[in-house]
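**Student:** Protein sequences, first through last, are from chains A and B. Numbered according to my numbering, the first sequence spans residues 55 to 258. Numbered according to my numbering, the second sequence spans residues 31 to 426. Glycine included, each C-beta is placed from N, C-alpha and C at the ideal position.
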Amino acid sequence: MGAAATYFRHLREAVVSIFDGMAVSASHLIRRPYTIQYPDRMPVRVQDTLPFRYRGILDVDLEICTGCLACDRACPIDCIAIAIEKNAATREIVISQFDIDLAKCMYCGLCSEPCPTGAIHHTTEFEGADFSLESLIRRFIAEPVVAYKAKKGAEPDVAVADLLTRGMTYVDEWAQPGSDKPAAVAAAPQAAVAPVVPVPGPGK
Amino acid sequence: MEAWLNRLMMRGVFGAHPIPVLVYASGIAIACALVLFAIALPFASIVTWVERRVWARIQSRIGPNRVGPNGFLQWLADGLKHICKEDIIPAEADPRLFKLAPYLVVLAFILPWAVMPFSSSLILADLNVGILYMTAVTALTVVGVLMAGWASNNKWSLIGGVRSAAQVVSYEIPAGLSIFPVVLMTGTLSMQGITRAQGWSPDRWFLFASPFCFAAAIILFVASLAENNRTPFDLPEAESELVAGFATEYSSMRYLFFFMAEWGNMFVSAAIIVTLYLGGWRFPHVSPSPIAMNLLEFATFNIKVLIIVFVSMWIRGTLPRVRIDQMMSLCWKYFVPIAFVNLIGTAVWVAIWPAGNPFAAWSMLAVGVLLAAFFVRRVVHFARRSRMELYFHPTI
């Protein structure tokens, strides 16, 4: 190939490749941006898009806590501190302290596994940033409360029925691996949120 | 403008016996200040926000959108931030040259506005050597940049400054040679004269006057990118090689001056291209009122300039930076010979058709429209193809 032919080939290649390159970037200009503007400009909160079994920050439903200390014993790093007293006369258990140190918690989920009622469970909440370690200790009890006790043979208490249903769904799913399929999730009334991929809003 | 001042003097606005020189000087000073504060500085600031948004969209991002509506006030926040920063002068630097350099760069950005033909009457000074003046004063940038690079006493700054000098001096030649075809056809160097020689319709723009003019316009555009140190020719401030090039040691307002001048020069070079090849402010005579006509012409000029500025942003979002040897070979082996061919070709063209060739103009225009249509087809093709790829690989 002669020098002149190479010269004009370079010219042609430059023009053609820049032409196509400009077309590619122009096609990006007319597309919707892919940015997800976490946290404040989301069409759906991220927490609402997470699955039911997501191991977020721990929560305790004290209304259905039996005070059995199973979670305290299961915790491998002792981030759960529970204090109970047994009332010999009424045979009730009084819980006077239920603290979870989220700074220590490693979100292993071993505490929610042995819970008989599903009172201690993970939520989909994950935004735990704070300004001091002290404030990361969640204190669930302000005044001592009487622990929940299942009545034999009777219908569960109406006041805590919803909580119990939710808790048992949570525990059952743990017990049966693979049962956290959409059908099982849909069975739980509060867990009907299907995993939704966050859709980026229009470019703002 | 002179006529308007004369009328005011006749009416005795400035007293019974005004001194004409003082009246003209103060009138021009006020007009300069108005143009600077109403057009030049807001443009140079706001265009930073526009540019960041355009790049962001090219990269499928959103861009700055937090300060003000859609991030519109981002430029104000950036400017305030720079004003509040400490003005550092390195101990080993030459303090006088170091302080002087940013002002020279800004001067090179401000001086061309004197001959900017915004509309038929809105021009500060219609010099008979307007376009020559424009190219001469914009080349002053290189003095400031080289001065900044030398005075910083830093090897990165010096390499950046010398690269800029080599680049600007080289690309002045094809840029100058691409201005001559228009001068050949019009026989004038005045900005208004060149604009008036064109018509409002695209077939009477010099862009489509002949194939040589078309090539010259493209060379002028690319050379103006190089003269403004814009991607793909931003070698003087190549971040990956030279930290920030000649601006490495600068901070605070002095740093801001360099970038204000860089972004402002986009307007200036786009205005040169619009005036020479895209019909300038020409607009059909739709209204007898001179004020309405001037406003329409002003809008026409600015819209054309903003389109050219947008294209240069778009190129910046598309093309990677060239190597220094590629940049030099592009200039000396491709642009300079082609620019000479354009010059001689235009001379022959003018000798054959002194009054222009309408048939050639219309066919050039038709070719341009076809190219644009083909381009739109390519854009749609790439948009569709990407949709398919995203369907198969949602994570890319």
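Taking 8 Å as the threshold (C-beta atoms), are Arg85/A and Ser427/B in contact?
**Tutor:** Residue 427/B lies beyond the stretch modelled for chain B, which goes from 31 to 426, so this question has no answer here.
**Student:** Have a look at Val213/B and Ala253/B and give me their C-alpha separation to the nearest angstrom.
**Tutor:** Start at 1 with the first residue of the second sequence, and residue 213/B comes out as number 183. Start at 1 with the first residue of the second sequence, and residue 253/B comes out as number 223. Roughly 18 Å separates the two Cα atoms.
**Student:** Does any residue of chain A bring its CB to less than 8 Å from the CB of Trp344/B?
**Tutor:** Here residue 344/B is taken as the residue at index 314 of the second sequence, counted from 1. Output row for Trp344/B: interface = yes.
**Student:** Using a Cβ-Cβ cutoff of less than 7 Å, which residues in the same chain neighbour Ala131/B once the five nearest sequence positions on both sides are dropped?
**Tutor:** Indexing the second sequence from 1 puts residue 131/B at position 101. Excluding positions up to five away in sequence, the list reads Gly174, Met177, Ala178, Ala181.
**Student:** Using the Cα positions of Ala86/B and Met343/B, report the straight-line distance between them to the nearest angstrom.
**Tutor:** Residue numbering aside, residue 86/B sits at position 56 when the second sequence is read from its first letter. Residue numbering aside, residue 343/B sits at position 313 when the second sequence is read from its first letter. Near 11 Å, if we compare the C-alpha coordinates of Met343/B and Ala86/B.
**Student:** By a C-beta neighbour count over all protein chains shown, 10 Å radius and 16 as the cutoff for buried, is Tyr307/B buried or exposed?
**Tutor:** The residue labelled residue 307/B in the question sits at position 277 within the second sequence. That one is buried.
**Student:** In chain order, what residues of the same chain lie with their CB nearer than 7 Å to the CB of Asn258/B, ignoring the 5 residues before and after it?
**Tutor:** Here residue 258/B refers to the residue found at position 228 when the second sequence is read from its first residue. Glu292, Asn295, Met296, Ser299.
**Student:** I'd like to check one pair, His112/B with Ser359/B: are the Cβ atoms closer than 8 Å?
**Tutor:** Reading the second sequence from its first residue, position 329 is the one you call residue 359/B. Reading the second sequence from its first residue, position 82 is the one you call residue 112/B. No, these two residues do not count as a Cβ contact at 8 Å.
**Student:** So, at 8 Å on beta carbons, what are the nonlocal neighbours of Val172/B in its own chain, with the 5 sequence-adjacent residues on each side left out?
**Tutor:** For the purposes of this step, residue 172/B is taken as the residue at position 142 of the second sequence. For Val172/B, where only same-chain residues beyond five positions count, the Cβ hits under 8 Å are Ser194, Ala195, Val198, Val199.
**Student:** Taking Ile76/B as the reference, give the member of Val84/B, Ile333/B, Gln104/B with the closest Cα.
**Tutor:** By one-based count along the second sequence, residue 76/B stands at place 46. Ranking Val84/B, Ile333/B, Gln104/B by Cα distance to Ile76/B puts Gln104/B first.
**Student:** Residues in its own chain within less than 8 Å of Ala237/A by CB, not counting five upstream and five downstream?
**Tutor:** Here the question's residue 237/A lines up with position 183 in the first sequence. Any reading at Ala237/A is ruled out, since the residue's pLDDT is 46, under 50, leaving its predicted position unreliable.
**Student:** Out of Gly109/B, Arg83/B, Cys114/B, Leu325/B, which has the shortest C-alpha to C-alpha gap to Pro99/B?
**Tutor:** Locating residue 99/B in the second sequence gives position 69, counting from the first residue. When only C-alpha atoms are compared, the closest one is Arg83/B.
**Student:** With distances taken from CA atoms, which of Glu179/A, Asp153/A, Ala57/A, Ala77/A is nearest Glu197/A?
**Tutor:** Translated into positions along the first sequence, residue 197/A becomes position 143. Here the closest residue by C-alpha is Asp153/A.
**Student:** Whose C-alpha, out of Cys62/B, Val366/B, Gly109/B, is nearest the C-alpha of Phe289/B?
**Tutor:** In the second sequence, residue 289/B corresponds to position 259, counting from 1. Selected option, being the one with the closest Cα: Gly109/B.
**Student:** Mind checking the segment 344-363 of chain B against chain A and listing, in chain order, the residues whose C-beta falls within less than 9 Å of any C-beta there?
**Tutor:** Residues passing the 9 Å Cβ filter: Trp344, Ile345, Gly347, Thr348, Leu349, Leu360, Lys363.
**Student:** With a threshold of 7 Å on Cβ separation, who are the neighbours of Asp12/B within its own chain once the five nearest residues in sequence on each side are excluded?
**Tutor:** The structure shown has nothing for residue 12/B, since chain B only spans 31 to 426.
**Student:** DSSP three-state label for Tyr161/A, please.
**Tutor:** If you number the first sequence from 1, residue 161/A lands on position 107. Coil.
**Student:** Looking at Met164/B: is its Cβ nearer than 8 Å to the Cβ of Ile302/B?
**Tutor:** The residue labelled residue 164/B in the question sits at position 134 within the second sequence. The residue labelled residue 302/B in the question sits at position 272 within the second sequence. Yes. Within cutoff.
**Student:** Give me the chain A residues within the contact set of Ile88/B, using Cβ-Cβ distance strictly less than 7 Å, ordered along the chain.
**Tutor:** The sequence position of residue 88/B within the second sequence is 58, counting from 1. Residues of chain A passing the Cβ test: Ser79, His82, Leu83.
**Student:** Are any of the Cβ atoms in chain B nearer than 8 Å to that of Met76/A?
**Tutor:** Here residue 76/A corresponds to residue number 22 of the first sequence, with the count starting at 1. Yes, Met76/A counts as interfacial toward chain B.
**Student:** Report yes or no: do three or more beta-carbon pairs, one from the segment 65-74 of chain B and one from the segment 136-145 of chain B, lie closer than 8 Å?
**Tutor:** Counting Cβ pairs under 8 Å, three or more are found: they touch.
**Student:** What number of angstroms, rounded off, separates the C-alpha of Ala128/A from the C-alpha of Ala215/A?
**Tutor:** On the first sequence, position 74 is the one that residue 128/A refers to. On the first sequence, position 161 is the one that residue 215/A refers to. Ala128/A and Ala215/A: Cα-Cα distance of roughly 26 Å.
**Student:** Output the distance between the C-alpha atoms of Ala80/A and Thr223/A, rounded to the nearest integer angstrom.
**Tutor:** Working through the first sequence from its first residue, we reach residue 80/A at position 26. Working through the first sequence from its first residue, we reach residue 223/A at position 169. Using only the alpha carbons, I get a separation of about 51 Å.
**Student:** Quick one: what does DSSP say Leu112/A is sitting in, helix, strand or coil?
**Tutor:** What you label residue 112/A is simply residue 58 of the first sequence in a count that begins at 1. If DSSP states are grouped into helix, strand and coil, Leu112/A belongs with the strands.
**Student:** Taking the beta strand (DSSP E) that Ser150/A belongs to, which residues open and close that run?
**Tutor:** On the first sequence, residue 150/A is found 96 positions in, with the first residue counted as 1. Residues 146-155.
**Student:** Near Ile153/B, which residues of its chain fall below 8 Å by C-beta distance, leaving aside the five closest residues on each side in sequence?
**Tutor:** As a first step, residue 153/B is located in the second sequence; it is residue number 123 there, counting from the start. Same-chain partners within the cutoff: Met31, Val145, Met146, Pro147, Met221, Gln222.
**Student:** Please list the partners that Ile195/A has in chain B, where partner means a Cβ-to-Cβ separation under 7 Å.
**Tutor:** For the purposes of this step, residue 195/A is taken as residue 141 along the first sequence, with counting starting at 1. Ordered by position in chain B, no residue passes the 7 Å Cβ test against Ile195/A, which lies about 41 Å from the chain.
**Student:** Are the CB atoms of Phe331/B and Gly310/B nearer to each other than 8 Å?
**Tutor:** Translated into positions along the second sequence, residue 331/B becomes position 301. Translated into positions along the second sequence, residue 310/B becomes position 280. In this structure, Gly310/B lies closer than 8 Å to Phe331/B by Cβ.
**Student:** Could you run through the segment 399-420 of chain B and flag, in chain order, every residue whose CB is less than 7 Å away from some CB of chain A?
**Tutor:** Those residues of the segment 399-420 of chain B that come within reach of chain A (Cβ to Cβ, closer than 7 Å) are Phe405, Arg408, Val409, Phe412, Ala413, Ser416.
**Student:** Rounded to whole angstroms, what is the Cα-Cα separation between Met40/B and Val378/B?
**Tutor:** For the purposes of this step, residue 40/B is identified with residue 10 of the second sequence, where counting begins at 1. For the purposes of this step, residue 378/B is identified with residue 348 of the second sequence, where counting begins at 1. Cα to Cα, Met40/B sits roughly 49 Å from Val378/B.
**Student:** Mind checking Cys162/A: buried by the 16 CB within 10 Å criterion, or exposed?
**Tutor:** Locating residue 162/A in the first sequence gives position 108, where the first residue counts as 1. Flag for Cys162/A reads exposed.
**Student:** Does the distance from the CB of Cys125/A to the CB of Ile191/A come in under 8 Å?
**Tutor:** Position 71 of the first sequence, counting from 1, holds the residue named residue 125/A. Position 137 of the first sequence, counting from 1, holds the residue named residue 191/A. Contact flag unset, no.
**Student:** Less than 8 Å between the beta carbons of Thr376/B and Ser240/B, yes or no?
**Tutor:** Within the second sequence, the letter at position 346 stands for residue 376/B. Within the second sequence, the letter at position 210 stands for residue 240/B. Yes.
**Student:** Contact criterion: CB-CB distance below 8 Å. Does Thr89/A meet it with respect to chain B?
**Tutor:** As a first step, residue 89/A must be located in the first sequence, where it is residue number 35. So yes, Thr89/A belongs to the interface.
**Student:** Compare the C-beta of Ala91/B with all C-beta atoms of chain A and state if any pair is closer than 8 Å.
**Tutor:** Counted from its first residue, the second sequence places residue 91/B at position 61. The identity of residue 91/B in the sequence shown is Arg, whereas the question assumes Ala. Yes, its Cβ sits closer than 8 Å to a Cβ of chain A.
**Student:** Under DSSP, the alpha helix (DSSP H) around Asn295/B begins and ends at which residues?
**Tutor:** Taking the first residue of the second sequence as 1, we reach residue 295/B at position 265. Unbroken alpha helix (DSSP H) run through Asn295/B: 282-307.
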